[in-house]
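My numbering puts the sequence shown at residues 15 to 420. From the three backbone atoms N, C-alpha and C, an ideal C-beta is built for every residue, glycine too. Below: one structure, written as structure tokens.
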Amino acid sequence: MRAYVVGGAVRDRLLGLPVQDRDHVVVGATPADMLARGFRPVGKDFPVFLHPATNEEYALARTERKTAPGYAGFAFHAAPEVTLEEDLARRDLTINAMAESEDGTLVDPYGGRRDLAARVFRHVGPAFVEDPVRILRVARFAARFAEFTVAPETRALMQAMVDNGEVDALVPERVWQELARGLMEAVPSRMFAVLRECGALARLLPELDRLWGVPQRADYHPEIDTGVHVMLVIDAAARAGGALPVRFAALLHDLGKGTTPAAEWPRHIAHEQRSVKLAEAVCARLKVPADCRDLAVLAARYHGDIHRAAELRADTVVRLIERCDALRRPQRFLQLLDACAADFNGRLGWADRPYAPAAILRQALAAVQAVPAGDIARACADAPELIRERIHAARVAAVAALKTAG
């Protein structure tokens with residue numbers, strides 16, 4: 015039996031990047047052989063084992079055969095006679111289909127090192143079309159390795175997969191998983207560029223895809239195109255180190271502009287309310303986790319108000335804080351401000367402009383938090399119906415004092 019390091023660990027080492035996880039393929043072994051050496055079995059679909067000392071994954075070399083539409087319709091065959099080259103042939107991209115032997119010898123039957131040097135994503139073979147998840151993976155890798163391009167023949171295969179309906183068989187949980195991982199990469203806009211080029215974005219996120227070609231006012235948006243703007247926004251969120259909920263909120267905040275009648279362009283009156291409904295629909299369809307869903311809805315609804323924080327009266331600022339549930343969820347409110355800052359900086363030439371509303375609303379939140387609500391409630395013990403009104407008035411006074419001092 016022979017063990018090889020495979021996939022991403024080999025790719026990243028050749029790129030000079032830190033290797034986070036190491037996966038292995040074992041050739042010439044049976045499950046009984048692995049158990050006899052102290053490996054612990056995991057998984058059910060095919061034989062994968064954990065090393066008794068390192069806990070790294072070791073999978074028996076295997077081939078696979080397409081049995082049904084979608085990403086789950088595969089039959090696997092693992093046996094001692096399966097070669098390393100056959101195992102590598104089932105992988106998605108050449109840069110992920112390399113292996114290293116225990117003595118450090120590189121095994122590269124499909125030209126992965128060449129494509130690394132050329133900064134190209136190229137599929138290993140015709141079996142690429144059998145798994146629609148590979149479209150999402152290529153797009154995600156584009157967000158991680160932003161200087162890479164997709165080989166024309168690979169892009170053509172991805173387009174054919176979309177045209178054949180393979181993307182429609184993807185389950186929502188897997189789509190969300192890949193989108194979430196791509197959003198957390200260095201240049202998330204590259205993921206959506208690749209999905210859009212092959213037509214997959216229109217099938218997976220039509221609400222987002224329709225933003226391209228929709229103009230905005232040039233005085234507020236020098237980039238003009240709404241789709242271009244949203245891509246600048248998610249990249250701004252990434253540069254700022256935004257958490258996943260922030261980046262997802264940045265992605266969905268302007269969906270309503272895609273439903274503005276063309277006769278009203280470049281204005282988008284009441285697009286916030288339309289954005290809320292569309293964001294809720296996307297989140298329900300993709301089964302988005304609650305923290306990402308809730309922040310996306312808040313950003314869609316309130317980003318316009320937050321941008322105007324300096325113009326708002328103290329009473330309006332307090333109501334904004336209350337409606338965002340910022341007193342109970344202050345960290346989420348701060349994430350909302352991060353998403354709005356990304357929206358502001360995600361405009362052509364605006365990347366380095368300071369975003370004043372964030373500081374204004376952070377100070378306002380601190381002032382509201384300092385109001386002694388418990389003391390006010392106790393003072394209204396004989397008239398409990400006045401508690402809410404008196405607390406709100408005290409909060410307004412605290413924010414008004416900030417404005418006066420400023």
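Would you mind reading off the limits of the beta strand (DSSP E) that contains histidine 38? 37-41
Which of the three DSSP states, helix, strand or coil, is assigned to aspartate 239? strand
Roughly how many angstroms lie between the CA atoms of cysteine 338 and aspartate 319, to the nearest whole one? 11 angstroms
Check whether arginine 148 and methionine 112 have beta carbons under 9 angstroms apart: no
Thinking C-alpha only, which one of Asp35, Leu184, Val138 and Ala183 is nearest valine 164? Val138
Going by beta carbon distance, what residues of the same chain come within less than 7 angstroms of arginine 392, once the five residues before and after it are set aside? none
Which whole-angstrom value is the C-beta distance of glutamate 114 and alanine 75, which I expect to be below 8 angstroms? That belief does not hold up - the Cβ atoms of glutamate 114 and alanine 75 are roughly 15 angstroms apart, past 8 angstroms.
Residues in its own chain within less than 6 angstroms of valine 260 by CB, not counting five upstream and five downstream? Ala251, Gln349, Asp352 and Ala353
For leucine 309, which option in Val290, Pro61 and His321 has the closest C-alpha, if you only look at C-alpha atoms? Val290
Using beta-carbon positions only, say whether phenylalanine 347 and leucine 379 come within less than 9 angstroms of one another. yes
The stretch 285-300 in contact with the stretch 263-276 per 3-pair CB rule at 8 angstroms: yes
Should phenylalanine 90 be labelled buried (16 or more other beta-carbon atoms within 10 Å of its own) or exposed? exposed
Whose C-alpha, out of Val19, Ala160, Phe63 and Pro61, is nearest the C-alpha of leucine 102? Val19
DSSP three-state label for phenylalanine 347, please. helix
For glutamate 95, which of helix, strand or coil comes out of DSSP? coil
List the whole-angstrom C-beta distance separating arginine 16 from glycine 42, where the pair is believed to meet the contact cut-off of C-beta under 8 angstroms. 6 angstroms
Do alanine 328 and alanine 414 have their C-beta atoms within less than 9 angstroms of each other? yes
Which residues bound the alpha helix (DSSP H) around alanine 254? Where alanine 254 is concerned, there is no enclosing alpha helix (DSSP H), given that its DSSP letter is neither H nor E.
Is there contact between the stretch 231-248 and the stretch 330-344, where contact requires at least three CB pairs shorter than 8 angstroms? no
C-alpha distance - methionine 205 paired with arginine 154, whole-angstrom precision: 5 angstroms
Considering only their Cβ atoms, is the gap separating leucine 246 from serine 203 smaller than 9 angstroms? yes
To the nearest angstrom, report how far apart glutamate 211 and arginine 253 are at their CA atoms. 24 angstroms
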